[in-house]
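*Asks:*
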Amino acid sequence: MKGNIVIYIAIMFFVSFLIRVLPLTLIRKQIKSPFLKSFLYYVPYVTLAVMTFPAIIHATKNPIAGATALVLGTIASWIGASLFQVASIACIVVFIVELLI
Amino acid sequence: MEIVNKQTNKKAFKEGFRDGIPIGLGYFAVSFSLGIAARNAGLNALEGFIASALCNASAGQYAGFALIAANASYIEIALVTLIANARYLLMSAAMSQRISPKTGLLHRLIVGHYITDELFGIAIAKPGYLNPWYTYGAVAFAGPCWATGTALGIIAGNILPLRVVSALSVALYGMFLAIIIPPARQNKVIAFIVALSFACSFAADYFPLISQLSSGIKIIVLTVVLSTAAALLFPHKEVEQ
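Listed in order, the protein sequences are those of chains A and B. Its first residue numbered 279, the first sequence is counted upward by one per residue in my numbering. Its first residue numbered 328, the second sequence is counted upward by one per residue in my numbering.
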């Protein structure tokens, strides 16, 4: 199926907007359910991890470059590099590795 | 009283603007790489600019663009946007406890629209009730960076050498690592969940039935299954800050 890009963007906007705005405008109390709280707590980590690997390896021309960026990016994050620094390091690593290979 | 409020708001706006500068610079680099993904999905610069101005979501937009590139259905896009942005539901809930009950609906709608990992982070780090003008100040710099970076990525992605495009395409993954790794360092359960997610995501690409699912559905299935398992095995008890 080939969709319409304007409709795609509109759907992305409405869903993103509602997710962010509904709790802030409607919920006046803390969420009570321990399960729901825990579930929502873990969701971002699982989603981002699943999206990162193995996709990072397929994103680069050479898989070894992506794998190296994953390892060095993880180490940089671990020792406290900022969001901007880790993103830059990942890019530079891929550029250098693909230059050498 | 009015004059005092105006001065307070002006000060909050200035503070927000100052704190928004490093965030905006980071956004610019990341959204440039997002623009390359948008270009692959067939978006032009204007469409990319509007999509970024309306969505303000790195992971959510990235997933959306990947699905558009794969000619996914509208329902798939909606579900993946929901899943990829689910954390904003929590942040918005947390924010609702940190905003003055007197805050009007329009302020709530705008502040909510700009809940991102970074803008939420700096807003929640402020003591006391959040002044919406602080967020507006940060958005005044960081927002245009995000949208303009996306548009430039779409335009310049065409003229950049393949080698540079390949390098920039990992900027977003680097950003995702910067979000998930520091909490993993502090919390062994999160570290375990992240490692398990990597392993399951990798295995899913080779597992007979799951490997045939679209990448969007794969993300949803893995997220729901793994987060449910984690919530059941390791209930999270700490108070969210």
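For every residue, glycine included, the Cβ atom is placed at its ideal position computed from N, Cα and C. For clarity, every value in this text was computed on a predicted model and none was experimentally measured.
#1: Counting Cβ pairs, one atom from each stretch, are 3 or more of them under 8 Å apart for the stretch 543-554 of chain B and the stretch 314-324 of chain A?
#2: Classify A:P312: buried if its beta carbon has 16 or more other beta carbons within 10 angstroms, exposed otherwise.
#3: Name the residues in the stretch 395-415 of chain B whose C-beta lies less than 7 Å from a C-beta of chain A; which are they?
#4: Along the chain, where does the alpha helix (DSSP H) containing B:A397 start, and where does it finish?
#5: May I ask you to report which of helix, strand or coil DSSP gives B:R490?
#6: For B:C382, go through chain A and note every residue whose CB falls closer than 7 Å to its CB, in chain order.
#7: Verify the CB distance criterion: does B:A365 have a CB-CB separation below 7 Å to chain A?
#8: If the cut is a Cβ gap below 7 Å, which residues of chain B does A:K315 touch?
#9: Unbroken alpha helix (DSSP H) runs of length 4 or more, entirely within the stretch 499-541 of chain B: which are they?
#10: Alpha carbons only, please: which of A:I374, A:N282, A:V293 is nearest the one belonging to A:L350?
#11: If we ignore side chains and look at the alpha-carbon of each, how far apart do A:A343 and B:A411 end up?
#12: Residue range of the alpha helix (DSSP H) that A:V321 falls in?
#13: State buried or exposed for B:D532, treating a residue as buried only when at least 16 other CB atoms are found within 10 Å of its CB.
#14: Return no unless some Cβ of chain B is closer than 7 Å to the Cβ of A:A345.
#15: B:V521 and B:I507 look like a contact to me (Cβ under 8 Å); what is the Cβ gap, rounded to whole Å?
#16: Quick one: list the residues of chain A neighbouring B:D532, beta-carbon separation under 7 Å, in chain order.
#17: Please list the partners that B:V357 has in chain A, where partner means a Cβ-to-Cβ separation under 7 Å.
#18: State buried or exposed for B:M328, treating a residue as buried only when at least 16 other CB atoms are found within 10 Å of its CB.
#19: Could you work out which residue in B:A498, B:G484, B:A390 is closest to B:L406 when comparing CA atoms only?
#20: Tell me, to the nearest whole angstrom, how far the beta carbon of A:S338 is from that of A:V372; I am working on the premise that it is less than 8 Å.
#21: Have a look at B:G470 and B:Q424 and give me their C-alpha separation to the nearest angstrom.
#22: Would you mind sorting B:A498 into buried or exposed? The rule is 16 or more other CB atoms within 10 Å of its CB.
#23: B:L432 to A:I367, Cα distance in whole Å?
#24: Should the stretch 477-486 of chain B be called in touch with the stretch 357-372 of chain B, which here means at least 3 C-beta pairs below 8 Å?
#25: Of all Cβ atoms in chain B, is any one closer than 7 Å to the Cβ of A:K339?
#26: Provide the residue span of the alpha helix (DSSP H) that contains A:I334, from first to last.
#27: State buried or exposed for B:S360, treating a residue as buried only when at least 16 other CB atoms are found within 10 Å of its CB.
#28: If you drop the 5 nearest sequence neighbours on each side, which residues of the same chain put their C-beta closer than 6 Å to that of B:F447?
#29: Which first and last residues belong to the alpha helix (DSSP H) in which A:V256 is found?
#30: Sorted by chain position, which residues of the same chain lie with C-beta nearer than 7 Å to B:K453's C-beta, five sequence neighbours on each side aside?
#31: So which of B:Q334, B:A386, B:I348, B:L504 has the shortest CA-CA distance to B:F364?
#32: How far does the alpha helix (DSSP H) with B:S423 in it extend, from its first residue to its last?
#33: When you compare the CB of A:V375 with every CB in chain B, is at least one pair closer than 7 Å?
#34: Kindly list the residues whose CB is nearer than 6 Å to the CB of B:P459, restricted to its own chain and excluding five residues on each side of it in sequence; keep chain order.
#35: With a CB to CB cut of under 8 Å and the five nearest residues on each side skipped, what residues in its chain are close to A:V328?
*Replies:* Checking against the coordinates, here is how it stands:
#1: yes
#2: As a working note, residue 312 of chain A is residue 34 in the first sequence. By the neighbour-count rule (16 or more Cβ atoms within 10 Å), A:P312 is not buried but exposed.
#3: I395, N398, S400, Y401, I404, A405, T408, L409, I410, A411, N412, A413, R414, Y415
#4: Counting from 1 along the second sequence, the entry for residue 397 of chain B is found at position 70. Per DSSP, B:A397 belongs to no alpha helix (DSSP H) and is neither H nor E.
#5: Sequence index remark: in the second sequence, residue 490 of chain B carries index 163 (1-based). In the structure shown, B:R490 sits in a helix (DSSP, three-state: H, G or I).
#6: Position 55 of the second sequence, counted from the start, is the residue given in the question as residue 382 of chain B. Under the 7 Å cutoff, chain A gives M290, F291, S294.
#7: In the second sequence, counting from the first residue as 1, residue 365 of chain B sits at position 38. Not closer than 7 Å to any Cβ of chain A, the Cβ of B:A365 fails to qualify, so no.
#8: If you number the first sequence from 1, residue 315 of chain A lands on position 37. Chain B residues near A:K315: H563.
#9: 515-531
#10: As a working note, residue 350 of chain A is residue 72 in the first sequence. Measuring from the Cα of A:L350, the nearest candidate turns out to be A:I374.
#11: Start at 1 with the first residue of the first sequence, and residue 343 of chain A comes out as number 65. Start at 1 with the first residue of the second sequence, and residue 411 of chain B comes out as number 84. Their backbone Cα atoms lie some 26 Å apart in a straight line.
#12: Working through the first sequence from its first residue, we reach residue 321 of chain A at position 43. Run containing A:V321: 312-330, per the alpha helix (DSSP H) assignment.
#13: As a working note, residue 532 of chain B is residue 205 in the second sequence. Exposed is the call here.
#14: The residue you call residue 345 of chain A lines up with position 67 of the first sequence. So, not an interface residue.
#15: Position 194 of the second sequence, counting from 1, holds the residue named residue 521 of chain B. Position 180 of the second sequence, counting from 1, holds the residue named residue 507 of chain B. The pair is a contact, with the Cβ atoms about 6 Å apart (cut-off 8 Å).
#16: Start at 1 with the first residue of the second sequence, and residue 532 of chain B comes out as number 205. Going along chain A in sequence order, the residues near B:D532 (Cβ under 7 Å) are P332.
#17: Position 30 of the second sequence, counted from the first residue, corresponds to residue 357 of chain B. Chain A residues near B:V357: A365.
#18: Here residue 328 of chain B refers to the residue found at position 1 when the second sequence is read from its first residue. Confidence in B:M328 is poor, its pLDDT being 44 and thus under 50, which makes the residue's placement too unreliable to answer from.
#19: Along the second sequence, one-based indexing puts residue 406 of chain B at 79. Nearest option by C-alpha distance: B:A390.
#20: Looking up residue 338 of chain A in the first sequence gives position 60. Looking up residue 372 of chain A in the first sequence gives position 94. Residue identity differs from the one stated: residue 338 of chain A is Thr in this sequence, not Ser. Yes, A:T338 and A:V372 are in contact; Cβ-Cβ is about 5 Å, under 8 Å.
#21: One-based indexing of the second sequence puts residue 470 of chain B at position 143. One-based indexing of the second sequence puts residue 424 of chain B at position 97. If I take the Cα positions, the gap works out to 24 Å.
#22: Numbered from 1 along the second sequence, position 171 holds the residue referred to as residue 498 of chain B. Burial call: buried.
#23: Here residue 432 of chain B refers to the residue found at position 105 when the second sequence is read from its first residue. Here residue 367 of chain A refers to the residue found at position 89 when the first sequence is read from its first residue. Taking the straight line from one Cα to the other gives about 41 Å.
#24: yes
#25: One-based indexing of the first sequence puts residue 339 of chain A at position 61. Yes, contact with chain B.
#26: Counting from one through the first sequence, the residue named residue 334 of chain A turns up at place 56. Run containing A:I334: 333-337, per the alpha helix (DSSP H) assignment.
#27: Along the second sequence, one-based indexing puts residue 360 of chain B at 33. Result: buried.
#28: Stepping through the second sequence from its first residue, residue 447 of chain B is reached at position 120. Excluding sequence neighbours, B:F447 sits near M418.
#29: The question about residue 256 of chain A has no answer here: the residues shown for chain A are numbered 279 through 379.
#30: Against the second sequence, residue 453 of chain B aligns to sequence position 126. For B:K453, where only same-chain residues beyond five positions count, the Cβ hits under 7 Å are Y461.
#31: What you label residue 364 of chain B is simply residue 37 of the second sequence in a count that begins at 1. The sequence as given places Ala at residue 364 of chain B; Phe does not occur at that position. Out of B:Q334, B:A386, B:I348, B:L504, B:A386 has the C-alpha closest to the C-alpha of B:A364.
#32: Reading the second sequence from its first residue, position 96 is the one you call residue 423 of chain B. Counting along the chain, the alpha helix (DSSP H) containing B:S423 begins and ends at 413-423.
#33: For the purposes of this step, residue 375 of chain A is taken as residue 97 along the first sequence, with counting starting at 1. No - not a single Cβ of chain B is within 7 Å of the one on A:V375.
#34: Indexing the second sequence from 1 puts residue 459 of chain B at position 132. The residues are H434, V438.
#35: Residue numbering aside, residue 328 of chain A sits at position 50 when the first sequence is read from its first letter. Excluding sequence neighbours, A:V328 sits near nothing in its chain.
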